[in-house]
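Colleague: Quick note, the working numbering runs 1242 ahead of the 1-based positions in the sequence shown.
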Amino acid sequence: MTRRALRAVLSSALLLTACTSSDAPPPESEQTPPTPEPTPTPVPIDGGPVVPVDAPQGSSLEWVRANACEDAAPMSLTASDGTGLRLASLTARSVVEGPLAFTELRLSFDNPEDRQLEGRFSITLPPGAAISRFAMQIDGRWQEGEVVERQAARVAYEDFLHRRQDPALLENDAGNVFRARVFPIPPRARKELVLSYSQELAHSAEPYRLPLCGLPELDLLDVDVAIVQGAVAVPSSLPGQGTSVYHLTLRREKLAPTKDLEARVGSSPAQGLRHGDLAVVRVVPVLASPADPVDALTILVDTSASRALDFRGQIDRLGTLVAALPGAARIKLLAYDQGTELLYDGRADGLGTAPLDRLRERGALGASDLGQALDALTAMGGAGPRLLLVGDGVVTAGRAEPSELQELLRSLGGRGLRRVDAIVDGGIQDEETLTALTRAGLGSDGVVLDARLEARVLAERLGQATRSGIAVEVPGAEWVWPRTLDGVQPGDERLVYAQLPPETPLQVKLGGVGVREPQPTLAMVPEPLLARAHAQARIAALQTERAELPADDAQGRKRLADEIVSLSTRHRVLSDLTALLVLETEADYARFGIDRRALADILTVGPAGVELMRRVEPVAPVPEVVEMPVATPEFKAEKTVMAEDDAKDKGSAAEEVDGFLARGDGEGGEADPDVAAPSDAPGGLAFSGTGRGGGGVADELGAVEQEEEPSLEAPPPPRPEPAPERTASATGRRDSRPARRRERVDLGSSDDALEGLGGSGGRGETPPTVDPYQGRFATVMEALGRGDVAGAEREATAWRGESPGDVLALVAIGEASEARGDLAAAARAYGSLIDLFPSRADIRRMAGERLERLGDEALTLAIDTYAHAVEQRPDHPSSHRLYAYALLKAGHHAEAFAALEASLERSYPGGRFAGVEQVLREDLGLVGAAWIAVDPTVRKKVEDSLSRHLASLPTSTSTRFVLNWETDANDVDLHVYDARGGHAYYSSRSLASGGQLYADVTTGYGPECFAIDGKRGAGPYRVMAHYYRRGPMGYGMGKLQVIEHDGHGGLSFGEHPFVIMKDDGYVDLATVGASIGTTPVPRIKPRPSAPGMTRLE
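(1) Measuring only the C-alpha atoms, how far is residue 2225 from residue 2217?
(2) If I measure Cβ to Cβ from residue 1441 and keep anything under 7 angstroms in the same chain, skipping five residues before and after, which residues do I get?
(3) Rounded to the nearest angstrom, how far is the Cβ of residue 1360 from that of residue 1844, given a contact under 8 angstroms?
(4) If you run the structure through DSSP and keep just helix, strand and coil, what is residue 1304?
(5) Which residue's Cα is closest to the Cα of residue 1766: 1829, 1472 and 1625?
(6) How close, in whole Å, do the beta carbons of residue 1550 and residue 2046 come, if the pair is a contact with beta carbons under 8 angstroms?
(7) Write down the C-beta distance between residue 1529 and residue 1452 rounded to the nearest angstrom, noting that I regard them as a contact closer than 8 angstroms.
(8) Rounded to whole angstroms, what is the Cα-Cα separation between residue 1603 and residue 2062?
(9) For residue 1219, list the residues DSSP reports as bridge partners.
(10) Using 8 angstroms as the limit for Cβ to Cβ distance, is residue 2227 near chain D?
(11) Taking 7 angstroms as the limit between beta carbons, can you name the residues of its chain near residue 2181, skipping five residues before and five after?
(12) Relative to the C-alpha of residue 1763, which candidate in 1737, 1754, 1770 and 1749 has its C-alpha closest?
(13) Under three-state DSSP, which class holds residue 2281?
(14) What beta strand (DSSP E) runs, 3 residues minimum, are completely inside the segment 1594-1680?
(15) Could you say which of 1553, 2203 and 2080 lies nearest to residue 1640 if we only look at CA atoms?
(16) Between the segment 1592-1600 and the segment 1545-1561, do at least 3 Cβ pairs fall closer than 8 angstroms?
(17) Considering only C-alpha positions, which residue in the set 1706, 1450 and 1634 is nearest to residue 1675?
(18) Quick check on residue 1420: does DSSP put it in helix, strand or coil?
(19) With a 10 Å radius around its C-beta and 16 neighbouring C-beta atoms as the bar for buried, classify residue 1567 as buried or exposed.
(20) Check residue 2023 in the structure and name its three-state DSSP category.
(21) In whole angstroms, what is the alpha-carbon distance linking residue 2036 and residue 1548?
(22) Run through DSSP, which three-state label would residue 2295 get?
(23) Is it buried or exposed, residue 1610, if we count other Cβ atoms within 10 angstroms and call 16 or more buried?
(24) Express the C-alpha separation of residue 1631 and residue 1304 in angstroms, rounding to a whole number.
(25) To the nearest angstrom, report how far apart residue 1697 and residue 1564 are at their CA atoms.
(26) So, is residue 1637 buried or exposed, given that buried needs 16 or more other C-beta atoms within 10 angstroms?
(27) According to DSSP, is residue 2240 helix, strand or coil?
(28) In terms of residues, what are the limits of the alpha helix (DSSP H) holding residue 2139?
(29) Return the first residue and the last residue of the alpha helix (DSSP H) that residue 1848 is part of.
(30) Within 10 Å of its beta-carbon, does residue 1302 have 16 or more other beta-carbons around it, so buried, or fewer, so exposed?
(31) Please determine if the segment 1425-1441 and the segment 1345-1355 are in contact, where contact requires at least 3 C-beta pairs separated by less than 8 angstroms.
(32) Compute the beta-carbon to beta-carbon distance between residue 1461 and residue 1331, rounded to the nearest angstrom, for a pair I have assumed lies under 8 angstroms.
(33) Using 8 angstroms for Cβ pairs, my map puts residue 1458 next to residue 1737. What's the rounded Cβ distance?
(34) Are there 16 or more other CB atoms within 10 angstroms of the CB of residue 1495, so buried, or fewer, so exposed?
(35) Could you check how far apart the C-beta atoms of residue 2058 and residue 2034 are, in whole angstroms? I think they sit under 8 angstroms.
(36) Please say whether residue 2236 and residue 2259 have beta carbons closer to each other than 8 angstroms?
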């Protein structure tokens, strides 16, 4: 492309976008949106009229206290770089049918920025709720999401993101939190989303509640709750006879909700619902009330990062609960996240304030590793007879499968533990996991309680016995769920689902106990909501069966997973194994094998209650695709020339075409049938710009045609003057930073080892850059740069207190803690990233890379989070190589080698990541050499594998600089300078002194690798990262890994995580000297069964 043509592209973009002022309202008021295309017509449910009636006396919508309003807004949309989008209006349409409810939300968000964004939508649903619909408005029409197997949905999303089309992806994050990736959000535009979900109201005293507390000021809040009451006079399968509906409404402008809305309705004469052969009923077992006194109780309090919101309130409520227990009860109080601390051991009435103050001082940081906490109890001699878990039940590190945790609890049962209870405190929760833990097969099952109950009531429930194993029978039914009732106390109500012939009356029998209403009165209702609830119950039954399987039963788990995905897609019930994917056209879905016409109709809300949206009309035609410029080397060269000529226009023009310039030449790839594991991909909620580690995606290995790109002579940034050779820290900090323990690992016999892996580099001229940091992160890093560690720590702590979920604030705390030498505190800060985003493989890798830099103190957690990243995103090569090298550092050579073999034996989305095949093969060779060095008997096995994978065993010295970043569709460049004036970068890949840059990755993730074969003869080498364009994904974050091989299997590493927050920003990563030292040789270490990982032999 010529310079003139490029100017034309930029000018066109500016004409389209730059005319909007920075404080202008969303453009909906400035231009008429396209006329929406016809959408499928909502169809009222057949089966008779629904009669509108007046709301009975006493029915109303009331504002009530939330579980914990400090748990932040229940829904938000945030750009990947942390930019918050304002929720302008919220319209809620809800339907309540007895024990079932359905909610449809229409959300309008405004983009306050003058640039296109990728957004992260987050919503916290009521416990047990299941999402039904997710739609996004595109060009004035609603595009519906389809329920798709989770990993296939992620692959499709990333592919269309790179094509600059309009995808959206919604999936479960952890517990009852769901997150969606939304792209694009145009500058100064309004983004409209629709989301609907169904839920159970198991207890007759449990009202319908709409979570609103914590939302910002809304221009408009419009709520309508329809209460549908079916006919109850005569048992029948006919729907709608005598069905009535009344509405409770609220409409307010300029309102910032500080409470939730609750629908207060009168009692219903029916105990359940029926339509045809489907039924659901509330069942109340008639039980005696024997006591189970709390004489001794161990309390495990979750202090992981997700508990930060209202953490002090949680501690206050804990203190109140202990005060309500019998004073003579023996209490052990422990805090846990990724480590465990004993805070108190004594009588309940002697607790005092000191242990609670210590809890407050400890704060909410780190990943939640319940398995290690249970191991700690075992090491202490046991938990005593009773164990109480206080937290959210979301396990983000270590052994996370309920079956694994139940096994640990049963081992404690051998030391006297006979009952486990749980208290949920906060809006975020995984009730299913907590329920499984309270039913671990001990002497007695426990209960899961809500912290909103009064402390007196909680203490009473803990002191009551439970009944379990109560068989549920519905005579004549083909299917019943649940099959047994467990952990039941007097007054508990449970929902029972049954499928039985329409002419058969429903009767419930419970084994060994009575039923309050054995022949319950049922309301005859329309089918859709009840049918959906049945599908959700069947999925729950399969998930329970799958969770009870041993973790190593891969075949059984896959069979059940396939059944769950089938039910989920057929009935549009989102599960842990599926996601909702929004693409633009039918052709887009067809490309990934998604037949939209074969999928279920959509539930929506109409005046009379739930309606069906029958999708029989044609899908919208394929829009004309406008090809955007691609950030090829030629394009980079043109842009560099233009930038020098037109420096004054650089800022505005570049900002407006971020989406263009971040583009690479990759066309994405097809869905990978081999991948079927949940997790996530790049971007970030409340993400202001930090990240980690390697990898990316490449063509199918063995079939990649690596075409050498032309070497264009675009003017490079000025070369720094040669820096004096010196040994620097492994952290890549300025010289004024406090000294940090150097990261050194030698994995074999070595007479030479790497010296000088770190340091900020030369004292001569630096490239013309803006400082890579901005905002509060810049404040922290500047303080550290001048040696003001205390000031940096104060700023980082205050920042995190104001924004508990801000990733950069946590990274800032980690940086300050490292500088102070408190590696344990730094590890908790970085572990917090895992806890807040457990299903995000990119953030797991990012956290792992910072943990890895801390050395042995945090290597186990780094290995664990890399293992989860491999499971979640095996289509990202970076997951495999980071996992392998972490295993190698820990002395687990065989498993490290196997991990890289696995990376070379699978396919990846094609066309995006040049050079990755060569990187992975060389990784395999290096790890193989290290393995042979410590165990020569494996030489033949290693050489045979290398031959199969077209790799070779390295026998000479080498140094590799590998750059990775954890944002998609972004371009971060590797620059290497030597002491002789050489400069290698994307447009001039070789150094005359020796060394080659393999490829220029322009589409996100990396890796980019620069390799020097033989001795480093032109050092010191100064290595920098350049944030070429952030695009819609946000800031650049990743790491440089320096790997030196001594030619005999001895490897040394330098780990250099980085953050770049500005376009055209440079950051010094490392200065690597030429001298060689010596280090000791570690031995092969036995590999214990590790949490969340598969053992590799």
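Every residue, glycine too, gets a C-beta built ideally from N, C-alpha and C.
Modeller: In short, the structure shows the following:
(1) Going by the C-alpha atoms only, they are around 7 angstroms apart.
(2) Cβ within range, chain order: 1343, 1368, 1370 and 1371.
(3) Contact between residue 1360 and residue 1844 is ruled out by a C-beta separation of about 26 angstroms, above the 8 angstroms threshold.
(4) Looking at residue 1304 - three-state DSSP - the assignment turns out to be strand.
(5) That would be 1472, whose Cα lies nearest to the Cα of residue 1766.
(6) Yes, they are in contact, since the Cβ atoms of residue 1550 and residue 2046 sit about 4 angstroms apart, within 8 angstroms.
(7) Actually they are not in contact, since the Cβ atoms of residue 1529 and residue 1452 sit about 33 angstroms apart, beyond 8 angstroms.
(8) So the alpha carbons of these two residues sit roughly 18 angstroms apart.
(9) Outside the shown range of the chain (1243 to 2339) lies residue 1219, about which nothing can therefore be said.
(10) Chain labels in this structure do not include chain D; a single protein chain is all it has.
(11) Hits under 7 angstroms: 2174.
(12) With distances taken between Cα atoms, residue 1763 lies closest to 1749.
(13) Three-state DSSP puts residue 2281 in a strand.
(14) The segment 1594-1680 contains these whole beta strand (DSSP E) runs: 1628-1633 and 1661-1666.
(15) Of the candidates 1553, 2203 and 2080, the one whose C-alpha sits nearest the C-alpha of residue 1640 is 2080.
(16) Contact between the segment 1592-1600 and the segment 1545-1561 is present: 3 or more CB-CB pairs across the two stretches fall below 8 angstroms.
(17) Nearest of 1706, 1450 and 1634 to residue 1675, Cα basis: 1634.
(18) In the structure shown, residue 1420 adopts extended strand secondary structure according to DSSP, grouped into three states.
(19) Buried, by the Cβ-count rule.
(20) It is helical.
(21) Rounded to whole angstroms, residue 2036 to residue 1548 spans 21 angstroms at the Cα level.
(22) In the three-state DSSP reduction, residue 2295 falls in the strand class (E or B).
(23) Residue 1610 comes out buried.
(24) Each residue's alpha carbon lies about 32 angstroms from the other.
(25) Rounded to whole angstroms, the separation of the alpha carbons of residue 1564 and residue 1697 is 8 angstroms.
(26) Looking at its Cβ environment, which holds 16 or more other Cβ atoms inside 10 Å, residue 1637 is buried.
(27) Coil at residue 2240, not helix or strand.
(28) Note, residue 2139: alpha helix (DSSP H), 2135-2146.
(29) In this chain, residue 1848 is not harboured by any alpha helix (DSSP H); it is covered by the beta strand (DSSP E) spanning 1844-1848.
(30) With fewer than 16 other Cβ atoms within 10 Å, it is exposed.
(31) Note that the segment 1425-1441 touches the segment 1345-1355; at least 3 beta-carbon pairs, one per stretch, sit closer than 8 angstroms.
(32) At roughly 5 angstroms, the Cβ-Cβ gap stays under 8 angstroms, so residue 1461 and residue 1331 are in contact.
(33) Not really, about 35 angstroms apart at Cβ, beyond 8 angstroms.
(34) Around the beta-carbon of residue 1495, fewer than 16 other beta-carbon atoms lie within 10 Å, marking it exposed.
(35) That belief holds up - the Cβ atoms of residue 2058 and residue 2034 are roughly 4 angstroms apart, short of 8 angstroms.
(36) Contact: yes.
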